Amino acid sequence: GDRILCFESEYAGNAVAYLQMAKRTGVSLEVLPMRGDGVADLRALEEALRSPPAGAAQCGQKGRVLVALTHVQTDSSIVQPAARVGALCANYDALFLLDSCQSVGQMPVNVRSIGCDFACGTGRKWLRGPRGTGFLYARRETMHRTGG
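The number in our numbering is simply the position in the sequence shown, starting from 1, with 243 added.
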């Protein structure tokens, strides 16, 4: 079936949304570990992307996979390797959602070089916009592929 892969350091608001989606739709939510230095464990991500969930192979189902990553951690300011995650997602035909709330406006965020299918952010932080503003970027090719 369909899966969402995120990391232990996922922003709490995002994690709650993923849990609600899992409960509402039956999508599987898998939380991947961080390395000791606080960086996303890309070996664990690749293993999760390579391995279908239990029972999927017997049913002949591949399912869709969405990888979610918070670009810059709110609590530690660690910059996650977004472009490397994007490359892994492209290699395994997984969708990639980048939470850029703490990075956009503070550092260059190039969605093409990162390789994300979706990026979301808020206007009120580093973009210095008013509260309640934000954005969602969706790659045109992804929208055609997913029927959006």
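Where is the CB? At the ideal position from N, CA and C, for every residue including glycine.
A quick note: this is a predicted structure, and the numbers were derived from the prediction, not measured.
Item, Value
"Output needed for Leu379: all residues of its chain with C-beta closer than 7 Å, excluding positions within five of it in sequence on either side, in chain order.", "Phe361, Cys363"
"Considering only residues of the same chain and omitting the five flanking positions on each side of Glu251, which have a CB-CB separation below 8 Å?", "Val274, Leu275, Pro276, Met277"
"Using CA coordinates, which residue listed in Leu292, Ala283, Glu290, Phe339 is at the minimum distance from Gln316?", "Ala283"
"For Ser271, which three-state DSSP category applies?", "strand"
"Are Val310 and Ile247 touching if we call contact CB-CB under 9 Å?", "yes"
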